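Novice: So the sequences go chain by chain: A and B.
According to our numbering, the first sequence is numbered sequentially starting from 1.
According to our numbering, the second sequence is numbered sequentially starting from 332.
The beta carbon of each residue, even a glycine, is placed where N, CA and C say it ideally should be.
Computed from a predicted model, the values in this text were never measured in an experiment.
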Amino acid sequence: MSTEKDMTDYGTAIRDAFAYLLTKHPEVFVIGQGLWSPWYVGNSMTKLDQEFGIARIIDTPVSESACTGAAVGAALAGMKPIVVHPRMDFMLYAMDSIVNEAAKWSSMMGGQANPGVTIRSIINRGGEQGAQHSQALHAWFAHVPGLRVVMPSTAADARDLLIASVLSGDPVIYIDDRWLYAEKEVLGPVKEIDLHSQGPKIVRTGTDVTLAGAGYSTKLCLDAAVELDKQGISAEVVDIRILNPFKPELIAESVTKTGRLFAIDGGWETSGFAGEIIASVVERIRPELFKISPQRITLPASPAPSSRALEDIYYPKVETLVQRVVTSFKP
Amino acid sequence: MNSKLRQALASGEIENSPIIDEELDISALSSKDLTEQLTSMIRIRQAEVKIAEMRRDGHVGGPVHLGAGQEAIAVGISSHLRKSDRVFSAHRSHAHLLALGTDVRKLFAELLGKSTGLTHGMGGSMHLWDQPNGFYGSVPIVAGTVPLAVGAGLAAKMQQSGDVAVAYFGDGAAEEGVVQESLNLASQLGIPILFVCENNFFSSHMHISQRQPIHSVARFAEANNIDSEVVDGNNVVSVSEAAARLISQSRAKNVPGFLEVVTFRHYGHVDWREDIDVGVNRSASEVEKWKSRDPINRLKHAILEKKFLTDSEIESIYLNINSEIEVAWKQAASDPYPAESELLRTVYKEVRK
Numbered sequence: 001m002s003t004e005k006d007m008t009d010y011g012t013a014i015r016d017a018f019a020y021l022l023t024k025h026p027e028v029f030v031i032g033q034g035l036w037s038p039w040y041v042g043n044s045m046t047k048l049d050q051e052f053g054i055a056r057i058i059d060t061p062v063s064e065s066a067c068t069g070a071a072v073g074a075a076l077a078g079m080k081p082i083v084v085h086p087r088m089d090f091m092l093y094a095m096d097s098i099v100n101e102a103a104k105w106s107s108m109m110g111g112q113a114n115p116g117v118t119i120r121s122i123i124n125r126g127g128e129q130g131a132q133h134s135q136a137l138h139a140w141f142a143h144v145p146g147l148r149v150v151m152p153s154t155a156a157d158a159r160d161l162l163i164a165s166v167l168s169g170d171p172v173i174y175i176d177d178r179w180l181y182a183e184k185e186v187l188g189p190v191k192e193i194d195l196h197s198q199g200p201k202i203v204r205t206g207t208d209v210t211l212a213g214a215g216y217s218t219k220l221c222l223d224a225a226v227e228l229d230k231q232g233i234s235a236e237v238v239d240i241r242i243l244n245p246f247k248p249e250l251i252a253e254s255v256t257k258t259g260r261l262f263a264i265d266g267g268w269e270t271s272g273f274a275g276e277i278i279a280s281v282v283e284r285i286r287p288e289l290f291k292i293s294p295q296r297i298t299l300p301a302s303p304a305p306s307s308r309a310l311e312d313i314y315y316p317k318v319e320t321l322v323q324r325v326v327t328s329f330k331p
Numbered sequence: 332m333n334s335k336l337r338q339a340l341a342s343g344e345i346e347n348s349p350i351i352d353e354e355l356d357i358s359a360l361s362s363k364d365l366t367e368q369l370t371s372m373i374r375i376r377q378a379e380v381k382i383a384e385m386r387r388d389g390h391v392g393g394p395v396h397l398g399a400g401q402e403a404i405a406v407g408i409s410s411h412l413r414k415s416d417r418v419f420s421a422h423r424s425h426a427h428l429l430a431l432g433t434d435v436r437k438l439f440a441e442l443l444g445k446s447t448g449l450t451h452g453m454g455g456s457m458h459l460w461d462q463p464n465g466f467y468g469s470v471p472i473v474a475g476t477v478p479l480a481v482g483a484g485l486a487a488k489m490q491q492s493g494d495v496a497v498a499y500f501g502d503g504a505a506e507e508g509v510v511q512e513s514l515n516l517a518s519q520l521g522i523p524i525l526f527v528c529e530n531n532f533f534s535s536h537m538h539i540s541q542r543q544p545i546h547s548v549a550r551f552a553e554a555n556n557i558d559s560e561v562v563d564g565n566n567v568v569s570v571s572e573a574a575a576r577l578i579s580q581s582r583a584k585n586v587p588g589f590l591e592v593v594t595f596r597h598y599g600h601v602d603w604r605e606d607i608d609v610g611v612n613r614s615a616s617e618v619e620k621w622k623s624r625d626p627i628n629r630l631k632h633a634i635l636e637k638k639f640l641t642d643s644e645i646e647s648i649y650l651n652i653n654s655e656i657e658v659a660w661k662q663a664a665s666d667p668y669p670a671e672s673e674l675l676r677t678v679y680k681e682v683r684k
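#1: For I175/A versus M88/A, is the C-beta spacing smaller than 9 Å?
#2: Do you know offhand how far K414/B's Cα is from G465/B's?
#3: What ranges does the beta strand (DSSP E) occupy inside the stretch 81-137 of chain A, keeping only unbroken runs of at least 3 residues that lie completely in it?
#4: Nearest to H422/B by alpha carbon, out of G454/B, K620/B, L443/B?
#5: At a threshold of 8 Å, does L222/A count as lining the ligand SAM (C-beta to nearest heavy atom)?
#6: With a cut-off of 9 Å, does the C-beta of F29/A fall near any C-beta of chain C?
#7: Applying the 10 Å Cβ sphere with the 16-neighbour rule, what's the burial state of G53/A?
#8: For a minimum of 3 consecutive residues, which ranges assigned as the beta strand (DSSP E) are wholly contained in the stretch 159-211 of chain A?
#9: Work out the CA separation of E344/B and V548/B for me, nearest whole Å.
#10: V406/B by DSSP, collapsed to three states: which one?
#11: Could you have a look at H427/B and say whether DSSP puts it in helix, strand or coil?
#12: Hey, which unbroken runs of the beta strand (DSSP E) at 3 residues or more fall wholly within the stretch 432-517 of chain B?
#13: Could you tell me if Y668/B is buried or exposed, where buried requires 16 or more neighbouring beta carbons within 10 angstroms of its beta carbon?
#14: Could you name the residues of chain B that P343/A contacts, counting a contact when the two beta carbons are closer than 8 Å?
#15: Determine which residues share a DSSP beta bridge with Q295/A and list them.
#16: Pick helix, strand or coil for N531/B, following the three-state DSSP scheme.
#17: Since V237/A is in the beta strand (DSSP E), which residue starts that stretch and which ends it?
#18: Counting only runs that start and end within the stretch 624-680 of chain B, where is the beta strand (DSSP E) found for 3 or more residues in a row?
#19: Just how far apart, CA to CA, sit R324/A and Y181/A?
#20: Between the C-alpha atoms of F533/B and G503/B, what's the straight-line distance to the nearest angstrom?
#21: Give me whichever residues DSSP pairs with I522/B in a beta bridge.
#22: With distances taken Cα to Cα, identify the nearest neighbour of V391/B among I382/B, G398/B, R542/B, A399/B.
#23: Got a sec, what are the start and stop residues for the beta strand (DSSP E) G32/A sits in?
#24: Compare the C-beta of Q490/B with all C-beta atoms of chain A and state if any pair is closer than 9 Å.
#25: Tell me whether T8/A sits in a helix, a strand or coil according to DSSP, three-state version.
#26: Please compile the residues from chain A whose C-beta is within a distance smaller than 8 Å of the C-beta of R545/B.
#27: Report the rounded CA-to-CA distance for L630/B versus Y499/B, giving the unit in angstroms.
#28: Can you confirm whether R417/B, when its beta carbon is compared against all beta carbons of chain A, has any partner nearer than 9 Å?
#29: Any idea if R683/B is buried or exposed, counting beta-carbon neighbours within 10 angstroms, 16 or more meaning buried?
#30: Using the Cβ count rule (16 or more neighbours within 10 Å means buried), how would you classify P171/A?
#31: Could you give the DSSP three-state label for V593/B: helix, strand or coil?
#32: Name the chain B residues that come within less than 8 Å of D96/A, Cβ to Cβ?
#33: Looking only at its chain, what residues have a beta carbon closer than 6 Å to the beta carbon of A74/A, apart from the 5 residues adjacent to it on each side?
#34: Can you have a look at G312/A and say buried or exposed, based on whether 16 or more other CB atoms are within 10 angstroms of its CB?
#35: List the DSSP bridge partners of I14/A.
#36: In chain B, what lies closer than 8 Å to G34/A by C-beta?
As structure tokens, then:
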């Protein structure tokens with residue numbers, strides 16, 4: 001039985017990935033705001049600047065747009081850059097470099113040049129930070145062909161999918177979540193996996209209902225599944241992991257078995273990823289297999305509030321999921 | 332000269348100033364170099380004239396942004412570049428590309444959407460690529476490639492390759508925030524890059540006087556502590572000299588440089604029309620005045636004065652290039668279109684295995 005001290009937390013796992021990449025791949029460098037600060041990005045990059053030098057761990061002027069664009073250009077010139085946006089909200093200044101340049105470069109240039117750049121963006125909600133320090137905009141990027149969108153929910157994925165992203169040769173939006181930084185598990189040795197082969201995984205098997213989510217939503221699903229089990233409901237949990245290109249087949253298979261689908265997402269409902277999950281599943285299985293209509297659990301249609309009273313009701317909790325699922329079983 | 336020109340430009344007096352009508356001083360140049368530069372400029376001009384005609388006659392389906400009248404800039408700069416340098420450009424990029432030695436046929440094929448084109452028919456005139464010749468790419472989002480060029484320069488520094496990046500952009504792009512960020516970043520990180528602002532006074536339909544309070548874009552270089560030159564962009568000798576100094580300094584010291592070149596485009600913003608008096612501040616007399624400053628004619632004049640070439644030798648350059656262009660066009664026109672499978676093949680790297 002492994003003990004607490006054998007375990008690695010999610011934030012440290014990200015740092016392990018950086019250290020691995022910087023050690024093994026001289027083309028890797030990191031650029032972004034707050035990289036020389038001890039507190040900007042939790043424990044996920046601690047002292048990398050001291051270990052690998054400030055020429056490769058570049059803390060920058062407050063220029064999200066130019067820094068992201070520069071990383072795209074460096075990738076075209078043979079480097080493997082990682083851009084860090086400590087809040088996803090901040091990277092909106094960089095949308096041209098991400099959506100117009102990085103995502104389209106390979107296609108526009110006839111497949112002759114690929115900007116293999118990883119753009120790490122952190123979802124950092126709560127703490128009364130309010131509307132502009134809390135957004136989870138993964139669905140925007142999942143909409144765009146040419147981008148790969150990765151949302152790890154476990155420490156192992158946080159490490160191995162970051163490495164896979166940087167080595168994939170494509171532009172990748174890698175999104176980690178500060179609410180997962182304390183999640184721990186025993187990690188095996190680093191694996192260099194092929195990102196192109198990755199997709200959703202069943203992380204808990206069950207027979208009565210399918211819960212599908214990505215990133216922190218996967219944790220909510222797993223915790224809810226434990227509670228549901230106590231109430232006699234067997235939930236299967238699918239961790240989506242890779243939102244773009246999206247491979248929904250596994251979720252459809254699961255729903256074929258359970259007949260009930262809940263899509264849980266930390267974004268908003270309209271044109272959001274929960275809707276994408278449901279649409280993709282509905283297209284793939286016969287209508288009579290559904291025992292209930294598929295359901296979405298997402299954020300309310302408002303910017304994030306700052307007051308703790310409102311913040312408390314804003315983000316879906318384990319109880320929210322349990323209550324919604326239990327209700328769906330009632331006649 | 333440089334500071335007088337800079338002042339005249341900044342104050343809005345430049346377009347009527349004799350400072351941009353000075354004769355070319357070719358005394359330091361060899362007959363061979365001058366002939367090469369003249370030939371390159373003529374090839375670019377004749378290619379664009381052909382493109383304009385083909386667009387007008389409906390053979391080219393997409394928009395083309397022509398730079399006829401601005402050839403001296405790319406030719407003057409490219410003579411100091413090597414294949415491993417990293418050149419980025421924007422919508423008006425044909426000259427920047429061809430001056431690096433790109434095959435005219437591949438450009439034509441691209442404009443026609445053919446699989447033999449520079450980007451295999453996937454880009455058209457506004458998305459061009461020829462990395463083997465140093466052209467990393469052009470896109471039509473104004474200033475979109477400026478930070479990319481900064482990054483390619485940063486990579487050159489990290490790779491210790493001695494290469495430089497070049498970011499071509501126009502006076503309109505200087506109004507984009509990301510250009511300011513890019514100048515600051517390049518200066519702060521010490522990046523080997525030449526920023527080239529082709530100031531042709533117009534962004535699409537708007538004159539610079541309607542867009543900026545001071546008409547010299549090089550003021551942003553000064554604000555970011557970047558060494559700059561402001562030169563007559565229709566004088567290939569001035570452009571070449573300024574580029575030589577700034578590029579060699581960038582290579583040697585890992586610093587950015589900024590070259591502002593004053594010029595004018597003969598065609599309007601897009602396609603073959605001249606955009607005269609169509610609601611824009613661009614009169615026929617102004618276009619005529621600038622055509623009298625044609626960079627090719629000015630170089631020809633200087634070469635003939637020095638008797639480096641005769642009229643008939645220049646005539647034969649034109650004949651050869653015109654025939655090269657006709658052959659290239661015919662080939663491109665008969666080339667195949669991309670296969671349907673190309674649509675999805677190039678979106679991600681791995682699909683191509």
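Specialist: By the coordinates alone:
#1: Result yes, Cβ atoms of I175/A and M88/A sit closer than 9 Å.
#2: One Cα belongs to K414/B, the other to G465/B, and the distance between them is close to 5 Å.
#3: With a minimum length of 3 residues, the continuous beta strand (DSSP E) runs that stay inside the stretch 81-137 of chain A are 118-123.
#4: For the options G454/B, K620/B, L443/B, the alpha carbon positioned closest to that of H422/B is the one of G454/B.
#5: Among the components modelled here there is no ligand, and therefore nothing to report on the ligand SAM.
#6: Looking for chain C here will not work: the only protein chains present are A and B.
#7: Burial state of G53/A is exposed, judged by a 10 Å Cβ sphere holding fewer than 16 other Cβ atoms.
#8: Complete beta strand (DSSP E) runs here, min 3: 172-177, 201-204.
#9: Roughly 15 Å between the two C-alpha positions.
#10: Under the three-state reduction of DSSP, V406/B is assigned to helix.
#11: DSSP places H427/B in helix when its eight states are reduced to three.
#12: Every beta strand (DSSP E) stretch that sits fully inside the stretch 432-517 of chain B and reaches 3 residues is listed by chain position as 459-461, 466-469, 496-501.
#13: Within a 10 Å sphere around the beta-carbon of Y668/B sit fewer than 16 other beta-carbons, which makes this residue exposed.
#14: Lying outside 1 to 331, the shown extent of chain A, residue 343/A is not represented and no answer is given.
#15: Beta-bridge pairing links Q295/A to F262/A.
#16: Here N531/B sits in coil by DSSP.
#17: From DSSP, the beta strand (DSSP E) with V237/A extends over 235-239.
#18: Listed in chain order, there is nothing to give.
#19: Looking at the two C-alpha atoms, the distance is approximately 27 Å.
#20: Rounded to the nearest angstrom, the two C-alpha atoms are 7 Å apart.
#21: Bridge partners of I522/B: none, in fact.
#22: With distances taken between Cα atoms, V391/B lies closest to I382/B.
#23: Its beta strand (DSSP E) spans residues 28-32.
#24: So yes, Q490/B belongs to the interface.
#25: In the displayed model, T8/A falls within a strand according to three-state DSSP.
#26: Here residue 545/B turns out to be Ile, not Arg, going by the sequence shown. Residues of chain A passing the Cβ test: none, with the nearest at roughly 23 Å.
#27: The straight-line gap from Cα to Cα measures roughly 23 Å.
#28: At least one C-beta of chain A is nearer than 9 Å to the C-beta of R417/B.
#29: In this prediction, R683/B scores a pLDDT of 44, lower than 50, which makes its location untrustworthy; no coordinate-derived value is stated.
#30: By the neighbour-count rule (16 or more Cβ atoms within 10 Å), P171/A is buried.
#31: The answer is strand: DSSP assigns V593/B an E or B state.
#32: Those are I472, G475, V509, listed as they occur along chain B.
#33: Closer than 6 Å at the Cβ level, and outside the excluded window around A74/A, lie P81.
#34: Position check: residue 312/A holds Asp in this sequence, whereas Gly was assumed. Classification for D312/A: exposed.
#35: The secondary-structure analysis by DSSP pairs I14/A with nothing; it has no beta-bridge partner.
#36: Chain B residues near G34/A: none, gap ~16 Å exceeds 8 Å.
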